[in-house]
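*Asks:* Take the sequence shown: its letters are residues 1 to 571, numbered as in the UniProt record's numbering. One structure, as structure tokens, below. Some questions next.
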Amino acid sequence: MYPRQQPSPMPFRRYQPFTPVALTDRTWPSKVIDKAPRWCAVDLRDGNQALIDPMDSTRKLKMFELLVQMGYKEIEVGFPAASQTDYDFVRKIIEEGRIPDDVVIQVLTQARPELIERTYESLRGARQAIVHLYNSTSTLQRRVVFGLDKEGITAIAVEGAKLCKKLADDMAGETEIYFEYSPESYTGTELEYAVEVCDAVNDVWQPTPDRKVIINLPATVEMATPNVYADSIEWMHRNLRYRDSIVLSLHPHNDRGTAVAAAELGYMAGADRIEGCLFGNGERTGNVCLVTLGMNLFSQGVDPEVDISDIDEVRRVVEYCNQLPVHPRHPWGGELVYTAFSGSHQDAIKKGFEHLERDAAAAGVPVDEFAWAVPYLPIDPKDIGRTYEAVIRVNSQSGKGGVAYIMKADHQLDLPRRLQIEFSRAVQARTDAEGGEVTPAQMWEAFTDEYLPNPANPWGRIGLLAHRTTSAVDDKDAISADVRIEGQIREIHGTGNGPISAFCDALGSVGIDVRVLDYTEHAMSGGADAKAASYVETEIDGQVLWGVGIDANTTTASLKAIISAVNRAGR
């Protein structure tokens, strides 16, 4: 009988499923994302407040400059009424003129009069700013935090909106203020009430199509599957008054691990704007990752409207500012996300690169401009500043494809298939014995030790010192070679149909019987001084072995390959 899963001992009955949204005529599943949303980066506020060691002024400024450099035009820079550090930072970037004219800073405030007033004080002298007002509206927080009914919570929001409007009017002519409102803990709020409180705030602010208000719907805690969030956004999109005068914004958190999906589906459902953090920093499990969202668009041929072309530098700055590492498996930006260890994956990637180069050449298009299509690599790592050096890495799970790729990419050696198999066995034996990964440098060391004279550890009973060949039309080639055999220098002679055949004949004169089964060679680069690589499959004393030779002279390279095979047979 096939094994059956058993009931869990976990107390799952303490928890209730989320009530789905009654939206039988939903339209978002058929929508296609073909344009980037408006982005708002909240690393300096939501991200910063979640850090064990919040950013100091130096780290804050570095993060702000990174976000500006990347092209974010709306940046939440702090909660100035809640933190003197945040207040001072807002003043610093205003007074030092560090805010570009095409960037709007955003500041957060609770709907409390003293906090709102302090927030506006922090903005004096700014050219423009978004004041982001919020209060919590969920059924749970109404009951256990505030002890208020819906009317009481709405009154808090409305009074806060009125004060925001009054203070903005007072600053008219000096600072242009835009408004944003969030019914915090939106995902725990009845949709009918969420519309009611947002409409009440907009009744105060009176938005117009030329002067829109941002209504932000945060998954302060992610409580359901992303399709439920999308249904709620489509419902709000349909039912909010002033909809043509609203920028509908999303603020997903990642408690269930689906913030990216929730953001994308919510955008399909009618939202215009998304707030998040680089690499998903933020409270608990983090905010939605702006890097992932942007790269998801990029990988579908949609301009993300931000610059992620040097993703490693972005990661380095974020890690410095947050004092937290980015996971090596983090989508698009982690250290290992373009790396294949699996043998079958490596083989497919190698063949994919080869096909791409051939297809681009046939189309007369540079490979960097040709439509990307390589197995297991959804984008070209070079497009975001990565190199191909780490695309394929070799461990005990790897096969010939990974070995062949590294040898070609790093050392310009296009190994014949049967040689790939032979050498990969040697690499596999090493990884099985030592464990862990074989680096490209270690692989080259193993290759030179196995096939080439290794200066660090020379071995082999025969060495080629010099050779002279003669040939005549319609006659066999003749060769004279100076070789070192067991430390003795000998001159050997032979004839044959070409230098390889003649050299094998010469070796036969000293008792070394070599039969050539296959031979191939290629230039390792372009130009007159390019070296050649020669590969010879031989049978020696009943063993089938490959030899490899590298030299600027193609004939010398082929003779070195024969010597390589002979030495391996006697090793």
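Glycine included, every Cβ here is placed at the ideal spot set by N, Cα and C. Note that the structure is predicted; figures quoted are calculated from it, not measured.
In terms of residue numbering, what span does the alpha helix (DSSP H) encompassing I500 cover?
*Replies:* Counting along the chain, the alpha helix (DSSP H) containing I500 begins and ends at 499–508.
*Asks:* Report the CB separation of L464 from I563 in whole angstroms; it is logged as a contact under 8 Å.
*Replies:* Indeed, because the Cβ distance is near 5 Å, the residues count as touching under 8 Å.
*Asks:* Quick check: what's the CA-CA separation for P499 versus H327?
*Replies:* Whole-angstrom Cα-Cα distance: 56 Å.
*Asks:* Of all the options M1, S471, A362, D482, which has the alpha carbon lying nearest to the alpha carbon of G496?
*Replies:* G496 has its Cα closest to that of S471, out of M1, S471, A362, D482.
*Asks:* Got a sec? Which residues, its chain only, sit under 6 Å from H345 by beta carbon, not counting five neighbours each side?
*Replies:* If we look at H345 and ignore the five residues flanking it on each side, its Cβ neighbours are Y376.
*Asks:* When DSSP labels each residue in this structure, what does Y2 get in the three-state scheme?
*Replies:* Residue state, collapsed to three classes: coil.
*Asks:* Can you list, in chain order, the residues of its chain with a C-beta nearer than 7 Å to that of T555? Leave out the 5 residues immediately preceding and following it.
*Replies:* Around T555: T469, P499.
*Asks:* Is E76 closer than 8 Å to C40 when the C-beta atoms are compared?
*Replies:* Result yes, Cβ atoms of C40 and E76 sit closer than 8 Å.
*Asks:* Quick check on Q442: does DSSP put it in helix, strand or coil?
*Replies:* Q442: helix per DSSP, three-state reduction.
*Asks:* Measuring alpha carbon to alpha carbon, tell me which of A530, A528, E190, H522 ends up nearest A561.
*Replies:* Measuring from the Cα of A561, the nearest candidate turns out to be H522.
*Asks:* Can you find the residues in the same chain that come closer than 6 Å, C-beta to C-beta, to P54, ignoring five residues on each side of it along the sequence?
*Replies:* Excluding residues within five positions, the ones whose Cβ falls inside 6 Å are N48.
*Asks:* Would you tell me roughly how many angstroms separate the C-alpha atoms of F503 and H467, rounded to the nearest one?
*Replies:* Distance between the alpha carbons of F503 and H467: 9 Å.
*Asks:* Counting pairs of beta carbons, one from the stretch 278–297 and one from the stretch 355–375, are three or more of them closer than 8 Å?
*Replies:* No: fewer than three Cβ pairs fall under 8 Å.
*Asks:* Let me know the alpha helix (DSSP H) ranges lying completely inside the stretch 33–110, each 4 residues or longer, listed in chain order.
*Replies:* The qualifying runs are 57–70, 84–95.
*Asks:* So, with DSSP's three-state summary, where would you put S564?
*Replies:* Here S564 sits in helix by DSSP.
*Asks:* Shortest alpha-carbon distance to M407 belongs to which of A533, K382, L115, T220?
*Replies:* Considering only alpha carbons, the answer is A533.
*Asks:* Report all residues from its chain with a CB closer than 7 Å to the CB of E486; omit the five preceding and five following residues, and keep chain order.
*Replies:* Correct list, in chain order: R461.
*Asks:* Could you name the residues that DSSP lists as bridge partners for R124?
*Replies:* Paired residues: none, contrary to the question.
*Asks:* Touching or not, the stretch 148–157 and the stretch 188–204, by the rule of three or more beta carbon pairs under 8 Å?
*Replies:* These segments touch.
*Asks:* Could you tell me which residues DSSP pairs with P183 in its beta bridges?
*Replies:* Bridge partners of P183: N135.
*Asks:* Any idea if L108 is buried or exposed, counting beta-carbon neighbours within 10 angstroms, 16 or more meaning buried?
*Replies:* When all chains shown are included, L108 counts as buried.
*Asks:* Please name the residue or residues paired with N553 in a DSSP beta bridge.
*Replies:* Answer is none; N553 lacks a bridge partner.
*Asks:* Nearest by alpha-carbon distance to P113: which of L133, G334, R386 is it?
*Replies:* Per the Cα distances, L133.
*Asks:* For D347, does the count of other Cβ atoms within 10 angstroms reach 16, so buried, or fall short, so exposed?
*Replies:* So D347 ends up on the buried side.
*Asks:* Answer yes or no: do V42 and E275 have a C-beta to C-beta separation smaller than 8 Å?
*Replies:* Cβ atoms of V42 and E275: closer than 8 Å.
*Asks:* With distances taken from CA atoms, which of T175, C164, Q323 is nearest L115?
*Replies:* Comparing Cα positions, the closest option is C164.
*Asks:* Can you check the stretch 189–231 for any alpha helix (DSSP H) of at least 4 residues that lies completely inside it and give the ranges in chain order?
*Replies:* Correct list: 191–205.
*Asks:* Touching or not, the stretch 510–517 and the stretch 526–546, by the rule of three or more beta carbon pairs under 8 Å?
*Replies:* Taking 8 Å as the limit for Cβ pairs, the verdict is that the stretch 526–546 does touch the stretch 510–517.
*Asks:* According to DSSP, is G266 part of a helix, a strand, or is it coil?
*Replies:* Reduced to three states, the DSSP call for G266 is helix.
*Asks:* Within this structure, are the beta carbons of L51 and N322 separated by less than 8 Å?
*Replies:* In this structure, N322 lies closer than 8 Å to L51 by Cβ.
*Asks:* Rounded to whole angstroms, what's the CA-CA distance from L123 to K73? Just pull it up for me.
*Replies:* Near 17 Å, if we compare the C-alpha coordinates of K73 and L123.
*Asks:* Using 8 Å for Cβ pairs, my map puts V144 next to G188. What's the rounded Cβ distance?
*Replies:* In fact, because the Cβ distance is near 11 Å, the residues do not count as touching under 8 Å.
*Asks:* Measuring CB to CB, does S249 end up less than 8 Å from R211?
*Replies:* The answer is no: Cβ separation not under 8 Å.
*Asks:* Does the beta-carbon of residue 572 have 16 or more other beta-carbons within 10 angstroms, so that it is buried, or is it exposed?
*Replies:* Residue 572 lies beyond the stretch modelled for the chain, which goes from 1 to 571, so this question has no answer here.
*Asks:* When you compare only the Cα positions, how much space is there between G570 and Q543?
*Replies:* Between G570 and Q543, the C-alpha separation is close to 10 Å.
*Asks:* Kindly indicate which three-state DSSP category G526 falls into: helix, strand or coil?
*Replies:* Looking at G526 - three-state DSSP - the assignment turns out to be coil, as it is neither helix nor strand.
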